[in-house]
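There are 2 protein chains.
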Amino acid sequence: MSTTAVEVVPYDRAMEETAEAGEGESRAERKERTRRAILDAALALAADSNLAAISLRQVAKQVGVVPTAFYRHFGSLELLGLALVDESFRSLRLMLLDVWRHAPEYRDFIDGSLPIVAQHVRENRSHYAFIARERTAGPPRVREAIRHEIELITRELATDIARSGAAEHYSSKDIGLLADLIVSFVVTMAERLVEDPDSEERILADARTQLRMLLVGALGWRSTGRT
Amino acid sequence: MSTTAVEVVPYDRAMEETAEAGEGESRAERKERTRRAILDAALALAADSNLAAISLRQVAKQVGVVPTAFYRHFGSLELLGLALVDESFRSLRLMLLDVWRHAPEYRDFIDGSLPIVAQHVRENRSHYAFIARERTAGPPRVREAIRHEIELITRELATDIARSGAAEHYSSKDIGLLADLIVSFVVTMAERLVEDPDSEERILADARTQLRMLLVGALGWRSTGRT
DNA sequence: CCTTTGAGTGAACGTCTGTTCACTCAACTA
DNA sequence: TAGTTGAGTGAACAGACGTTCACTCAAAGG
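Protein chains in written order, with the numbering used here: chain A, 1 to 227; chain B, 1 to 227.
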């Protein structure tokens with residue numbers, strides 16, 4: 001049906017014609033359904049290159065809608081990209097709440113958290129792939145939005161580390177640097193899981209060892225500054 | 001002159017008309033000069049988005065040459081991208097030789113190496129920006145080429161660590177993981193230097209602290225496996 | 001019931017895309 | 001000096017691009 005290699009759940013606009021179903025959708029429901037279809041189509045099309053390289057018309061064709069209809073939902077591909085960033089991180093934050101709730105201690109942090117992150121990447125591969133690509137190659141505003149979200153997460157991890165008391169002898173600045181080190185490492189790990197999902201087991205095992213190396217060192221570290 | 005915001009040293013094809021100069025260029029010299037101009041133009045144009053989002057015609061216009069002429073030098077933008085990867089890493093490897101020659105010991109490794117890397121990023125910003133973007137968002141073959149180059153560097157670092165004897169109690173597998181950890185970290189640092197060159201000083205200071213945290217831990221680490 | 005609203009339509013526009021082809025004409029070679 | 005080579009030309013192509021505009025026609029609402 002599609003001329004590209006991308007496979008997407010077709011947007012069934014003729015739903016109300018499916019014989020049996022008597023009840024239709026509300027206006028708002030239909031709009032939301034089209035919006036979702038556009039987001040999914042863009043996500044799928046960008047997966048073969050990136051957001052800046054796809055066209056509004058490709059997205060519209062993938063959705064099964066005329067190009068003009070796109071503008072009823074997004075002012076531009078860039079704004080669509082910002083919506084995808086938002087959507088991706090909303091899910092990610094929920095997952096992190098889970099991680100931080102179940103792993104207050106550091107030994108647990110590694111063995112308990114990494115598999116949860118890996119599972120979330122597995123279940124949201126297209127979103128993580130989107131973030132990994134657009135983080136460095138997206139339109140400037142999209143890049144900035146992603147950078148900001150990651151920074152927020154880093155800050156949350158920092159306060160969590162401070163609260164846990166695992167790094168009592170750290171200055172607050174150094175706690176921030178440690179949090180940044182960990183987040184950067186996990187970002188790299190997520191990139192690898194996205195790039196090669198079949199090697200999840202090995203990637204995860206290696207990451208666990210590396211995170212232990214890192215934290216064993218971090219816990220032995222002593223800040224030289226104050227506060 | 002150009003319709004885009006990109007500013008590039010114009011490719012002076014009318015050089016032989018500059019009055020005084022009597023001696024011309026050889027055929028091969030002219031070809032090489034055009035090739036260079038194409039590489040530089042692509043690097044500059046891709047900086048505003050990415051390789052997959054620019055067109056052969058934009059590159060040709062930027063160079064000041066007819067679109068067809070492009071094919072005399074590269075079969076496609078993807079092959080041009082591979083040439084840029086090659087060029088970027090050739091320079092990078094020379095820099096690393098310098099680093100490894102001057103910093104055989106770990107304390108020196110941090111204080112001696114990071115500034116050299118930072119300087120190289122500063123002097124080759126466009127190449128590093130290209131690598132940072134195309135590493136995750138480029139055409140598959142370009143991504144693969146970059147991944148391979150980074151893996152080679154990781155292996156070299158691993159043998160260097162092993163040779164230095166700084167991690168005698170490590171299994172060879174764990175030395176590889178440590179090298180990977182360090183390389184990943186430096187890649188992240190380079191990304192940041194590229195993204196925000198004005199903050200070089202802060203980025204470098206933070207990275208130094210983080211690398212110390214990491215290595216202090218790594219040196220206290222003890223492998224549990226064999227070999 | 002009659003009016004308003006707004007998601008989706010379809011044609012049209014000027015511009016840009018990759019690629020082909022036959023060509024020129026200066027540098028090289030024999 | 002005569003002949004070959006090959007980097008760069010310029011026209012032409014069929015198609016895709018973003019954006020505009022006036023439009024339809026069900027659902028929503030008074």
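Think of the CB as a built atom: it goes at the ideal place given N, C-alpha and C, for glycine as much as any other residue. For clarity, every value in this text was computed on a predicted model and none was experimentally measured.
Cα-Cα separation, residue i to residue j
i: L82(A); j: L178(A); result: 29 Å
i: N50(B); j: R141(B); result: 15 Å
i: R57(B); j: R27(A); result: 44 Å
i: D198(B); j: E144(A); result: 16 Å
i: I182(B); j: R101(A); result: 30 Å
i: D160(A); j: G64(B); result: 56 Å
i: I203(B); j: A69(B); result: 43 Å
i: L97(A); j: G176(B); result: 33 Å
i: L121(B); j: H169(B); result: First, the amino acid is wrong: residue 121(B) is Val here, not Leu. Spanning the two alpha carbons is a distance of roughly 34 Å.
i: G165(A); j: D48(B); result: 44 Å
i: V216(B); j: Q210(B); result: 10 Å
i: A207(B); j: M189(B); result: 7 Å
i: R228(B); j: R133(B); result: Since the displayed chain B opens at 1 and closes at 227, residue 228(B) lies outside it and no answer follows.
i: G229(B); j: A129(B); result: This structure does not reach residue 229(B), given that chain B is present from 1 up to 227, and the question cannot be answered.
i: R212(A); j: E200(B); result: 29 Å
i: G138(A); j: R192(B); result: 15 Å
i: L45(B); j: S172(A); result: 42 Å
i: S76(B); j: A167(B); result: 46 Å
i: V66(B); j: L79(A); result: 35 Å
i: R88(B); j: V187(B); result: Per the sequence shown, the amino acid found at residue 88(B) is Ser instead of Arg. When rounded, the distance between both Cα atoms is 14 Å.
i: R30(B); j: S55(B); result: 23 Å
i: D108(A); j: A205(A); result: 15 Å
i: A52(B); j: A162(A); result: 43 Å
i: R99(B); j: Y71(A); result: Checking the sequence, you will find Val at residue 99(B) rather than Arg. Using only the alpha carbons, I get a separation of about 53 Å.
i: L157(A); j: I131(A); result: 20 Å
i: E32(B); j: L114(A); result: 50 Å
i: I110(B); j: E25(B); result: 46 Å
Nearest to residue i (by Cα), restricted to the options the options
i: R147(A); options: P67(A), R135(A), E156(A) and P139(A); result: R135(A)
i: V85(B); options: F70(B), E195(B) and I150(B); result: I150(B)
i: L214(B); options: F185(B), K61(B) and S171(B); result: F185(B)
i: A37(B); options: H73(B), D48(B), A47(B) and A52(B); result: H73(B)
i: A118(B); options: R133(B), F130(B), L92(B) and P67(B); result: L92(B)
i: T34(A); options: F130(A), L211(A) and A60(A); result: A60(A)
i: N124(A); options: E195(A), S172(A), S76(A) and I54(A); result: E195(A)
i: R155(B); options: D174(B), D206(B) and G138(B); result: D174(B)
i: H127(B); options: D40(B), E25(B) and E200(B); result: D40(B)
i: Q62(B); options: P115(B), A205(B), A42(B) and D111(B); result: A42(B)
i: L94(A); options: I116(A), A53(A), I54(A) and R192(A); result: I116(A)
i: D180(B); options: V99(B), A162(B), I153(B) and A205(B); result: I153(B)
Residue i (DSSP reduced to helix, strand or coil)
i: E168(A); result: coil
i: E87(A); result: helix
i: E25(A); result: coil
i: A113(A); result: Note on residue identity: the sequence assigns Ser, not Ala, to residue 113(A). It is helical.
i: F185(B); result: helix
i: A14(B); result: Because A14(B) carries a pLDDT of 42, less than 50, the predicted location of this residue cannot be relied on, and the following value inherits that uncertainty. The answer is coil: DSSP assigns A14(B) none of H, G, I, E or B.
i: D255(A); result: This structure cannot settle anything about residue 255(A), because the visible part of chain A is limited to 1 through 227.
i: A47(A); result: coil
i: V65(A); result: coil
i: P139(A); result: coil
i: G81(A); result: helix
i: D73(A); result: The question names Asp, but residue 73(A) is His in the sequence shown. Coil.
i: S55(B); result: coil
Contact set between the stretch 49-60 of chain A and chain B, restricted to residues whose Cβ is under 8 Å from the partner: S49, N50, A52 and A53
Interfacial residues, the stretch 189-206 of chain B to chain A, with Cβ spacing under 7 Å: E191 and D206
Interfacial residues, the stretch 26-43 of chain A to chain B, with Cβ spacing under 7 Å: none
Taking a cut of 7 Å between CB atoms, which residues from the stretch 126-140 of chain A lie near chain B? A132, R133, T136 and A137
Could you name the residues of the stretch 169-181 of chain A whose beta carbon sits closer than 8 Å to any beta carbon of chain B, in the order they occur along the chain? D174, L177, L178, D180 and L181
Short of 8 Å Cβ to Cβ, which residues in the stretch 72-90 of chain B face chain A? none
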